[in-house]
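Visitor:
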RNA sequence: UGGGGUAUAGCCAAGCGGUAAGGCACUGGUUUUUGGUAUCAGCAUGCGCAGGUUCGAAUCCUGCUACCCCAGCCA
């Protein structure tokens, strides 16, 4: 599969290009290695686009490999969701889906190899003791009293760990490297721990599970990965990654390259915290349209292409601590949908307008383009009747200067139809506006009125033909740029109470049988997507992906 | 106070010794039956700071400063 020709330079692309030019590598192999303990989010999209994009650009392969070494946290539902998300984003992994657990036998044999070489040992220290012996950032650690066990004893103990003779926490297998290393990862890192857990792939076969460090590089090597791209926090692990490759008879030597993970304002990308939102029912599941998960964004109406474009826009660097403006994401989806979403009229907050100089039973139908700049999109048929809905926001009884919409005595154009003038405001006993009485200027269809300029154009829907719809207006889940900035303060305090506003609107008749996941631009309002699942009281549900740019609202806010 | 990293505009980011790309955001003009779109123009005498090398430095050297990551039997 191949998309998006724009390939801005970045340090990884440059490096690989140079390696290929110099003949150091022929065909590259990358991999996307998620742990199946949650749903993929926008930060993972950056990694997916990078890894699969690299393979595409240089004619190599990218594998999908689940890093499934911790059965306590992993679930099959996450595996299924992750596969679906990667596919939806538009990428195809080379060969079958892979699992680190596919390599557990080989990993165990390599552990035995290290033991035989005197480079690994079984440690009986408790977790607390191990922590104490490890030292601190500024003080060296000290060797475990079990560090010098014989090869035979280590081998036997390791085997007994494997078959489940010991309780969790009783023993671990450790590499024998350097307890005084300034790099804490090299202070005899743990290779295997005891876990009497059912594993989603291997069932009850194992009672010990390899650590990330003992698994990742070797899995890369087994798969022939050439470039193992990961995030910056693994930088300190690279010496360990390389230590295993040097001390084990691996078939090839991958190189680890780190890049900065994505941080975006108003957004959380901690799987732990996202899971908390889900588990506490603060959002409506992992695919709630307010979630930064790929499945949430899909439901919200984001297109795969817009997410890929966003990832291209933000670039790839080693500079951390940066914060991408979510406006860039909004730009990416707007520009895709501006080009590709058919237009429709939909009234969000209906206000009835009676066209008083039009007879009862009047009906006139307009053929309207599906998209102003594209003729390949199906035209729409829009009926005008005596009563129409307009948006309450398009009328003001006492309009400010430069309000180009409806007001008493003022004129406005009904989009695709006539210019009307507001003659009367009908109110109920409570003084609330119930309807507007307007008159049509019949000499304005498809042409400007004589002798005056009518600047305003508003959208509308026939009362008799419009289809009632539920509209879900989404906004940022958090109202502060950095919801988890305060280390200990509760990020839930920063939730945006208006992240979801539900309205009962009316859409033009052609939308009656809209298929799930169909996207529209509701003219003058925003981009909406028919929900994948929901229908409410047999009504269609449209999720607002993002609003149109609104310079009027901006002007209002300023003054 | 140990180790590993990173600093280019409000934000993201190119740049790799020859005189600061691009995008987002913002500001102003034009077009427009979407206050949308499109389009034009503006937006770093300066690249964390201070020195030095050089005809020439964001790029090389030295010294500072700020921020990020690491003390899970998580990944």
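Residue numbers (my numbering): 161 to 719.
Where is the CB? At the ideal position from N, CA and C, for every residue including glycine.
By how many angstroms is the C-alpha of residue 693 removed from the C-alpha of residue 528?
Guide: Answer to the nearest angstrom: the Cα atoms are 29 Å apart.
Visitor: For residue 546 versus residue 574, is the C-beta spacing smaller than 8 Å?
Guide: Cβ distance not < 8 Å, so residue 546 and residue 574 don't count as in contact.
Visitor: Can you list, in chain order, the residues of its chain with a C-beta nearer than 6 Å to that of residue 359? Leave out the 5 residues immediately preceding and following it.
Guide: Hits under 6 Å: 231.
Visitor: Candidates 480, 368 and 317: which alpha carbon is nearest residue 393's?
Guide: It is 480 whose Cα lies nearest to the Cα of residue 393.
Visitor: In whole angstroms, what separates the C-alpha of residue 644 from that of residue 651?
Guide: Spanning the two alpha carbons is a distance of roughly 5 Å.
Visitor: If you pair each beta-carbon of the stretch 400-408 with each one of the stretch 425-445, do three or more pairs fall below 8 Å?
Guide: They do not touch, by the three-pair rule.
Visitor: Output the boundary residues of the beta strand (DSSP E) element that contains residue 335.
Guide: Start and end: 332-335.
Visitor: Check whether the Cβ atoms of residue 581 and residue 592 lie closer than 8 Å to each other.
Guide: Not a contact, by the Cβ cut-off of 8 Å.
Visitor: Can you give me the C-alpha to C-alpha distance between residue 377 and residue 684, rounded to a whole angstrom?
Guide: Cα to Cα, residue 377 sits roughly 52 Å from residue 684.
Visitor: Can you tell me whether residue 436 is helix, strand or coil according to DSSP?
Guide: Helix, per DSSP.
Visitor: I need the straight-line Cα distance from residue 495 to residue 542, nearest angstrom please.
Guide: Between residue 495 and residue 542, the C-alpha separation is close to 26 Å.
Visitor: Give the DSSP-derived three-state secondary structure of residue 272 in the structure shown.
Guide: Here residue 272 sits in helix by DSSP.
Visitor: Identify every residue that forms a DSSP beta bridge with residue 296.
Guide: For residue 296, which the question treats as bridged, DSSP gives no partner whatsoever.
Visitor: Starting from residue 251, follow the alpha helix (DSSP H) in both directions and report where the run begins and ends.
Guide: No alpha helix (DSSP H) contains residue 251, which DSSP labels as neither H nor E.
Visitor: Residue 333 to residue 348, Cα distance in whole Å?
Guide: The straight-line gap from Cα to Cα measures roughly 9 Å.
Visitor: I'd like the list of long-range same chain contacts for residue 205, defined as Cβ closer than 7 Å, with 5 residues on each side in sequence excluded.
Guide: Excluding positions up to five away in sequence, the list reads 249, 454, 467 and 471.
Visitor: Would you grab the beta carbon distance between residue 555 and residue 565 for me? Rounded to a whole angstrom, and I think it's under 8 Å.
Guide: At roughly 7 Å, the Cβ-Cβ gap stays under 8 Å, so residue 555 and residue 565 are in contact.
Visitor: Along the chain, where does the alpha helix (DSSP H) containing residue 204 start, and where does it finish?
Guide: Looking at the DSSP string, the run of the alpha helix (DSSP H) that includes residue 204 is 202-217.
Visitor: Any contact of the stretch 364-379 with the stretch 310-330, i.e. 3+ C-beta pairs under 8 Å?
Guide: The answer is yes - the stretch 310-330 touches the stretch 364-379, with three or more Cβ pairs under 8 Å.
Visitor: Could you please give me the residues that DSSP links to residue 601 through a beta bridge?
Guide: According to DSSP, which records beta bridges pairwise, residue 601 is partnered with 579.
Visitor: Would you mind listing the alpha helix (DSSP H) stretches within the stretch 308-386 that are 4+ residues and don't spill past its ends, in chain order?
Guide: The stretch 308-386 contains these whole alpha helix (DSSP H) runs: 311-322 and 372-383.
Visitor: Helix or strand or just coil, what does DSSP make of residue 287?
Guide: Looking at residue 287 - three-state DSSP - the assignment turns out to be helix.
Visitor: How big is the Cα-Cα spacing for residue 274 and residue 335?
Guide: One C-alpha to the other measures close to 8 Å.
Visitor: Which full runs of the beta strand (DSSP E) of 3+ residues lie inside the stretch 467-523, going along the chain?
Guide: You should have 510-515.
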